[in-house]
Each structure stands twice: as structure tokens, then as C-alpha cells.
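J.: Counting from 12, one number per residue, gives the positions in the sequence shown under our numbering.
Before anything else, here's the structure in question.
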Amino acid sequence: MTDTGPSPFEISGKGWSISFQRRVTDPGGKDRSPNRGALPCQVLESRPAELSVIVPLPEGEEIWIAAMLEPDFTLRGTTVDGDALVLTELSAVAGGDRLLGLDAVSAQGGIRAIDRNSVSVAGAPADLARRSLMIELAGAGERESMCLHVILATPELYAATTGRSPPAASLPEHSFAGWRLP
Numbered sequence: 012m013t014d015t016g017p018s019p020f021e022i023s024g025k026g027w028s029i030s031f032q033r034r035v036t037d038p039g040g041k042d043r044s045p046n047r048g049a050l051p052c053q054v055l056e057s058r059p060a061e062l063s064v065i066v067p068l069p070e071g072e073e074i075w076i077a078a079m080l081e082p083d084f085t086l087r088g089t090t091v092d093g094d095a096l097v098l099t100e101l102s103a104v105a106g107g108d109r110l111l112g113l114d115a116v117s118a119q120g121g122i123r124a125i126d127r128n129s130v131s132v133a134g135a136p137a138d139l140a141r142r143s144l145m146i147e148l149a150g151a152g153e154r155e156s157m158c159l160h161v162i163l164a165t166p167e168l169y170a171a172t173t174g175r176s177p178p179a180a181s182l183p184e185h186s187f188a189g190w191r192l193p
């Protein structure tokens with residue numbers, strides 16, 4: 012059984028959870044902006060071992076996908092065009108659980124951020140039939156495998172589809188600048 016979780020900021024099932032994290036796009040393309048927190052997500056369609064999820068992608072931002080997995084799961088991601096998403100292990104704990112990140116697109120032109128320049132973003136209701144990303148969670152043994160079809164959408168389409176307000180766009184100057192607390 013898959014759940015959207017108690018929060019609109021993650022999707023989870025037995026042995027796994029996924030959230031969509033946001034960053035501000037670096038205009039020069041050289042540096043990674045600090046994480047700006049999770050984007051909301053909403054399940055649009057649920058079938059056995061398959062979910063369609065909508066996530067808003069504000070202009071000027073990029074995403075990375077955080078996945079917390081128990082030891083008997085593997086993770087793989089691709090764009091709708093078949094380009095691989097870059098998988099990185101961020102941390103592991105003694106019991107074997109892992110925090111993994113899918114944080115870039117590996118295409119013929121090189122490694123690129125997951126943003127409006129590297130993946131399709133739905134801007135109209137007719138675009139909801141086309142996914143932006145596919146994330147496969149493969150479970151070993153008794154574990155249930157899951158395929159997430161991720162539809163990245165404009166904030167306006169996300170609001171019209173879900174009835175939820177999307178977050179405001181984050182700008183580079185919204186980042187922590189190292190000021191002291193009183």
C-alpha cells in the first residue's frame with residue numbers, strides 16, 4: 012500500500028519514502044544553490060505498483076529527489092526521453108537504510124540540473140498525460156516494487172489541478188547569508 016504520507020511533502024510506502032527538494036538555479040551553471048526545502052506533491056492516479064504524481068516547479072528553480080530506502084530496495088530514475096538521472100548515496104545508517112539523491116540528468120550534452128531546460132514541464136491540462144520523470148523502486152523478495160510517474164508542472168497548473176497553493180518562487184537572495192542571531 013502506498014501513502015501520500017501525513018504531509019503533502021512526501022510520498023511513501025513500506026520501506027521507502029520520496030520527497031522533491033528545491034534549489035535555485037545558478038545562472039552561471041557552475042555552483043549548486045543550497046537546498047530550499049521540499050516541494051509539495053500530490054498523487055493524481057494510483058494503480059497497483061504504479062503512481063502518477065504532480066509536483067510544481069517554479070520558474071528559476073531546479074529539483075532533486077531525496078529517497079529514504081530500506082536495504083532491500085534499489086532506485087533508478089530516467090527522464091521521459093530516456094536520459095538517466097544521476098544517483099548519489101548521501102548517507103547510510105547501521106541498519107542498512109540509505110538516503111539517496113537523484114540530482115541531475117545525464118544526457119549526451121553532459122550532466123545537467125533537473126530543471127525546465129532538461130525535462131518537460133506541464134503548463135496546460137492536456138500536458139498532464141505526459142510525465143517528466145520516471146522513478147523505479149525495485150524491492151527484493153517480499154518487497155513491493157513501485158514505479159512513480161512524476162509530472163513536473165507550472166505552479167499555476169499545480170494549483171488548478173490540486174486545489175493547493177504552490178510555494179512562491181525562491182530567489183538567490185533568499186538564501187542564508189551567514190548573519191548572526193540576536
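Backbone N, C-alpha and C fix where the C-beta goes; we use that ideal spot for every residue, glycine too.
(1) How close, in whole Å, do the beta carbons of Ile253 and Ser63 come, if the pair is a contact with beta carbons under 8 Å?
(2) Any idea what DSSP makes of Asp138, helix, strand or coil?
(3) Can you tell me where the beta strand (DSSP E) with Pro82 in it begins and where it stops?
(4) Three-state secondary structure (DSSP) at Ala171?
(5) List the endpoints of the continuous beta strand (DSSP E) containing Asp92.
(6) In three-state terms, what does DSSP make of Pro67?
(7) Does the distance from the C-beta atom of Leu86 to that of Leu148 stay below 8 Å?
(8) The beta strand (DSSP E) that contains Ile29, what's its start and end?
(9) Roughly how many angstroms separate the alpha carbons of Leu182 and Ser176, rounded to a whole number?
(10) If you compare alpha carbons, which of Ser143, Ser129, Val35 and Ile29 is closest to Ala115?
(11) Would you mind sorting Gly152 into buried or exposed? The rule is 16 or more other CB atoms within 10 Å of its CB.
(12) With burial defined as no fewer than 16 other Cβ atoms inside 10 Å of the residue's Cβ, what is the status of Gln10: buried or exposed?
(13) By a C-beta neighbour count over all protein chains shown, 10 Å radius and 16 as the cutoff for buried, is Met12 buried or exposed?
(14) When the Cα atoms are used, what is the spatial distance from Phe20 to Gln119?
(15) Short check: CB of Ser131 to CB of Val91, under 8 Å?
T.: In this structure, then:
(1) Since the first residue of the chain shown is 12 and the last is 193, residue 253 is not available in this structure.
(2) Helix, per DSSP.
(3) In the DSSP annotation of this structure, Pro82 is not part of any beta strand (DSSP E), being labelled neither H nor E.
(4) Helix at Ala171.
(5) Neither: Asp92 is in no beta strand (DSSP E) and is coded neither H nor E.
(6) In the structure shown, Pro67 adopts extended strand secondary structure according to DSSP, grouped into three states.
(7) Taking 8 Å as the cut-off, the Cβ atoms of Leu86 and Leu148 count as close.
(8) Where Ile29 is concerned, the enclosing beta strand (DSSP E) starts and stops at Trp27 to Val35.
(9) About 18 Å.
(10) When Ser143, Ser129, Val35 and Ile29 are compared, the shortest CA-CA separation from Ala115 is found for Ser129.
(11) Classification for Gly152: exposed.
(12) Residue 10 lies beyond the residue range present for the chain, which begins at 12 and ends at 193; the question has no answer from this structure.
(13) Per-residue confidence for Met12 stands at a pLDDT of 37, beneath the threshold of 50, marking its modelled position as unreliable; the derived number appears in the next sentence. Label assigned to Met12: exposed.
(14) The straight-line gap from Cα to Cα measures roughly 32 Å.
(15) Yes, these two residues count as a Cβ contact at 8 Å.
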